[in-house]
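**Q** Have a look at this one.
In my numbering, the protein residues as written are 760 to 1172.
See the structure below:
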């Protein structure tokens, strides 16, 4: 592959990350056909990879992709002899895409309140679907997250997740679920699913092998949702949580790209403006739901001057309450770690054993790494080294694997 071809492929990939969700969401809004929207978007991307190496990358790659996808949709709908309204709406879509650089202030104001992706999120999060299906469908459709990665987030198999996604799309079509942001009681009813979508989207971007743009997109959508639903404490709390977590993004790796634990990071490189914004948001939240508790935990880490100054007793208390109102295997795992730092490794290992007793954390690298860390703090460095190596063997990414092996080597000395 030549340098020009590599540049074209890179441009196509970058354009796909930004434009794909907009294309799919816009085509679903106009046509109401999920499969058609996804197929046309994929065909546009394939054509870009075929033509751009020879013709050069367009000035507006996203607009080029949208135009191609829209034309594919028009051709398909014409062959199907659908009603004229859909074809007319697609023609309007062409105008707004090709003239995006001269969009009116009115259109920009509408974008600030509601955009196609937000409409699509609420459509995916209809209560007729199971919560996990709502989350998975939105991640796959609007964020183009691979099915295998979604399955991993849910501790499920790829084949099972594929079946879940197919059933969810079929149910939306059969039930005639509308493509819009709901109002009144329906808005609050759909909120938990929407927040779960944004949470997993952020996690996808914040993970060691994640795409940072996903985390930034989650923050953007969280801000948009916070504007749309003022006074909703869990919406505000989720935005605060994202800000606290993302504030460390520039300090999470060393010069060689290796992951750094919290106690190894240069805290002067943290985004203190984001931390201050998160604190301001959190100050106005009086009712602690699951996201507010997680935001308070993140605030304890983000506001500590040094790692040794971290308020672990408060973190442990927050995890106790979180485990009470929102018990999950991962919450129980983190609760064990928090108690291990607040009350000693023996207490942490006891809670970790309880968390792993159900089998949901079997083979989960972070659970093995937590046991390794607590074991090392007890002074059994040989066993800790063996556990860190075991965790590295099942790590989900190369950066995580290297970090775990480094910990193993530290304890083997």
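Glycine included, every Cβ here is placed at the ideal spot set by N, Cα and C.
What distance in whole Å lies between the Cβ atoms of residue 1162 and residue 1018, which are believed to be in contact at a cut-off of 8 angstroms?
**A** Indexing the chain shown from 1 puts residue 1018 at position 259. Indexing the chain shown from 1 puts residue 1162 at position 403. About 4 angstroms separates the two Cβ atoms, so the contact holds.
**Q** Could you give the C-beta distance for residue 1033 and residue 1002, rounded to a whole number, given that I count them as a contact under 8 angstroms?
**A** Working through the chain shown from its first residue, we reach residue 1033 at position 274. Working through the chain shown from its first residue, we reach residue 1002 at position 243. Yes, residue 1033 and residue 1002 are in contact; Cβ-Cβ is about 5 angstroms, under 8 angstroms.
**Q** Which full runs of the alpha helix (DSSP H) of 4+ residues lie inside the segment 1010-1072, going along the chain?
**A** Correct list: 1031-1042 and 1049-1062.
**Q** In angstroms, rounded to a whole number, what distance separates the CA positions of residue 1057 and residue 828?
**A** Along the chain shown, read from residue 1 onward, the residue named residue 1057 stands at position 298. Along the chain shown, read from residue 1 onward, the residue named residue 828 stands at position 69. Near 41 angstroms, if we compare the C-alpha coordinates of residue 828 and residue 1057.
**Q** Please report how far the alpha carbon of residue 794 lies from the alpha carbon of residue 1080, in whole angstroms.
**A** Translated into positions along the chain shown, residue 794 becomes position 35. Translated into positions along the chain shown, residue 1080 becomes position 321. Distance between the alpha carbons of residue 794 and residue 1080: 42 angstroms.
**Q** So does the segment 988-1002 actually touch the segment 1028-1042, counting three or more Cβ pairs closer than 8 angstroms?
**A** Yes, the segment 988-1002 touches the segment 1028-1042.
**Q** Would you mind giving the Cβ-Cβ distance between residue 1023 and residue 1007, rounded to the nearest angstrom? I have them listed as a contact below 8 angstroms.
**A** In the chain shown, the residue the question calls residue 1023 occupies position 264. In the chain shown, the residue the question calls residue 1007 occupies position 248. With a Cβ gap of about 11 angstroms, residue 1023 and residue 1007 do not count as contacting.
**Q** Please report the straight-line C-alpha distance between residue 766 and residue 978, rounded to a whole angstrom.
**A** Position 7 of the chain shown, counted from the first residue, corresponds to residue 766. Position 219 of the chain shown, counted from the first residue, corresponds to residue 978. In a straight line, the C-alpha of residue 766 is about 29 angstroms away from that of residue 978.
**Q** Is residue 825 helix, strand or coil by DSSP?
**A** Sequence index remark: in the chain shown, residue 825 carries index 66 (1-based). Residue 825 falls in the helix class under three-state DSSP.
**Q** By DSSP, does residue 1005 sit in helix, in strand, or in coil?
**A** Within the chain shown, numbered from 1, the residue matching residue 1005 stands at position 246. Three-state DSSP puts residue 1005 in a helix.
**Q** Can you give the Cα-Cα distance for residue 878 and residue 1137, rounded to whole angstroms?
**A** Working through the chain shown from its first residue, we reach residue 878 at position 119. Working through the chain shown from its first residue, we reach residue 1137 at position 378. Cα to Cα, residue 878 sits roughly 51 angstroms from residue 1137.
**Q** Please list, in chain order, all residues of the same chain as residue 1084 whose beta carbon is under 7 angstroms from its beta carbon, the five residues on each side excluded.
**A** Position 325 of the chain shown holds residue 1084. Excluding residues within five positions, the ones whose Cβ falls inside 7 angstroms are 1049.
**Q** Starting from the C-beta of residue 1126, find all residues in its chain whose C-beta is less than 7 angstroms away, skip the five residues before and the five after it, and write them out in chain order.
**A** For this step, residue 1126 is matched to residue 367 along the chain shown. Taken in chain order, the residues that qualify are 1092, 1115 and 1120.
**Q** Counting only the same chain and skipping the five closest in sequence on each side, list residues whose C-beta sits under 6 angstroms from that of residue 1165.
**A** If you number the chain shown from 1, residue 1165 lands on position 406. None.
**Q** Using DSSP with H/G/I as helix, E/B as strand and the rest coil, what is residue 920?
**A** Here residue 920 refers to the residue found at position 161 when the chain shown is read from its first residue. Three-state result, residue 920: helix.
**Q** If you compare alpha carbons, which of 1066, 1160 and 1147 is closest to residue 1167?
**A** Locating residue 1167 in the chain shown gives position 408, where the first residue counts as 1. Answer by Cα proximity: 1147.
**Q** Please determine, among 897, 1112 and 1152, the residue with the shortest C-alpha to C-alpha distance to residue 920.
**A** Residue numbering aside, residue 920 sits at position 161 when the chain shown is read from its first letter. Ranking 897, 1112 and 1152 by Cα distance to residue 920 puts 897 first.
**Q** Tell me the DSSP secondary structure of residue 1147 in three-state form.
**A** Counted from its first residue, the chain shown places residue 1147 at position 388. Residue 1147: helix per DSSP, three-state reduction.
**Q** On the three-state DSSP scale, how would you describe residue 1142?
**A** As a working mapping, residue 1142 is identified with position 383 in the chain shown. In the structure shown, residue 1142 sits in a helix (DSSP, three-state: H, G or I).
**Q** I'd like to check one pair, residue 1108 with residue 1098: are the Cβ atoms closer than 7 angstroms?
**A** Residue numbering aside, residue 1098 sits at position 339 when the chain shown is read from its first letter. Residue numbering aside, residue 1108 sits at position 349 when the chain shown is read from its first letter. Going by C-beta atoms, residue 1098 is not nearer than 7 angstroms to residue 1108.
**Q** Pick out whichever of 900, 915, 938 and 1082 has its Cα sitting closest to the Cα of residue 956.
**A** Along the chain shown, one-based indexing puts residue 956 at 197. Checking every option, the nearest Cα to that of residue 956 belongs to 900.
**Q** Would you mind stating whether residue 895 and residue 924 have Cβ atoms separated by less than 7 angstroms?
**A** For this step, residue 895 is matched to residue 136 along the chain shown. For this step, residue 924 is matched to residue 165 along the chain shown. Result yes, Cβ atoms of residue 895 and residue 924 sit closer than 7 angstroms.
**Q** Go ahead and label residue 1086 buried or exposed: buried means 16 or more other beta carbons lie within 10 angstroms of its beta carbon, across all protein chains shown.
**A** Locating residue 1086 in the chain shown gives position 327, counting from the first residue. Answer is exposed; the Cβ neighbour count stays below 16.
**Q** So, with DSSP's three-state summary, where would you put residue 995?
**A** Counted from its first residue, the chain shown places residue 995 at position 236. Helix at residue 995.
**Q** Taking only three categories from DSSP, how would you classify residue 1154?
**A** The residue labelled residue 1154 in the question sits at position 395 within the chain shown. Coil at residue 1154, not helix or strand.
**Q** In terms of alpha-carbon separation, which member of 780, 812, 1104 and 885 lies closest to residue 762?
**A** If you number the chain shown from 1, residue 762 lands on position 3. For residue 762, the nearest C-alpha among the options comes from 812.
**Q** Does residue 1171 come out as helix, strand or coil in the three-state DSSP assignment?
**A** As a first step, residue 1171 is located in the chain shown; it is residue number 412 there, counting from the start. Helix.
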